[in-house]
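The block underneath contains the structure these notes are about, expressed in structure tokens.
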Amino acid sequence: MVTVPASVMSNRTTHCSHVLGVECSSSSSSSSSSSSSSGISSRSSSSRRISSCCSSSSSSSSSSCSSSNRSSRSRSCSSSSSSSSSSSRGIVVTVVVVLAVVVVLAVVAVVLVLLAVAEVVVLVVVVVVVVVVEVVVVVVVVVVVVVVVVKVVKVVVVVVLVVKVVELVVVVVEVLVVVLVVVVVVVVVEVVVVLVLIV
Numbered sequence: 001m002v003t004v005p006a007s008v009m010s011n012r013t014t015h016c017s018h019v020l021g022v023e024c025s026s027s028s029s030s031s032s033s034s035s036s037s038s039g040i041s042s043r044s045s046s047s048r049r050i051s052s053c054c055s056s057s058s059s060s061s062s063s064s065c066s067s068s069n070r071s072s073r074s075r076s077c078s079s080s081s082s083s084s085s086s087s088s089r090g091i092v093v094t095v096v097v098v099l100a101v102v103v104v105l106a107v108v109a110v111v112l113v114l115l116a117v118a119e120v121v122v123l124v125v126v127v128v129v130v131v132v133v134e135v136v137v138v139v140v141v142v143v144v145v146v147v148v149v150v151k152v153v154k155v156v157v158v159v160v161l162v163v164k165v166v167e168l169v170v171v172v173v174e175v176l177v178v179v180l181v182v183v184v185v186v187v188v189v190e191v192v193v194v195l196v197l198i199v
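Here it is, written out as structure tokens:
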């Protein structure tokens with residue numbers, strides 16, 4: 001409900017009473033002039049005119065006052081509603097901006113966290129790959145060394161065996177030679193002895 005200031009109401013009342021006074025005074029002056037010229041009948045008609053004038057003036061003044069009250073109230077109501085709507089719009093815009101900023105900050109924070117996690121994952125993967133590669137290299141080197149050592153040992157064993165076999169062959173040959181020599185000597189001696197005995 002809209003309250004109208006007292007100064008406005010007093011101005012309107014003064015205006016309405018002023019209008020009524022002018023109308024009624026003009027009507028009374030016309031009625032007095034007509035009564036001096038026409039008598040009692042003219043007085044009655046003028047009094048009727050005065051009453052009709054005053055009633056019409058009062059109705060017109062009341063209508064004008066009520067219309068001015070309505071217009072002022074409607075203006076004040078429209079202005080207050082427009083101000084409230086503008087303030088509510090400003091609040092809504094502020095809330096929307098704050099929410100947008102919060103959402104953007106949240107997205108940025110999530111992106112930064114994801115980047116940090118990605119960096120950690122990449123570092124872990126790189127370290128694991130390096131360790132695996134080093135282990136594989138060490139295993140390959142060990143396998144190669146073992147294979148080479150086994151081959152070398154095989155070769156050495158074969159060489160040693162060959163040498164031993166050769167040595168044995170040499171010994172056997174020497175023994176055979178000695179045996180043959182002894183046999184030959186014995187045979188020769190026997191032949192000589194037999195020949196000597198025969199002679």
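Each residue of the sequence shown is one higher than the one before, starting from 1 at the first, in full-length UniProt numbering.
Even glycine gets a Cβ: it sits at the ideal position worked out from N, Cα and C.
As the structure is a prediction and not an experimental result, all values here were calculated from the model.
Inter-residue spacing [alpha-carbon to alpha-carbon] between residue i and residue j
i: V98; j: V131; result: 49 Å
i: V183; j: L197; result: 21 Å
i: E134; j: E119; result: 22 Å
i: V172; j: V158; result: 21 Å
i: E190; j: V178; result: 18 Å
i: E167; j: E174; result: 10 Å
i: V127; j: V117; result: 15 Å
i: L161; j: V142; result: 28 Å
i: S88; j: L115; result: 40 Å
i: V163; j: V129; result: 50 Å
i: V140; j: V113; result: 40 Å
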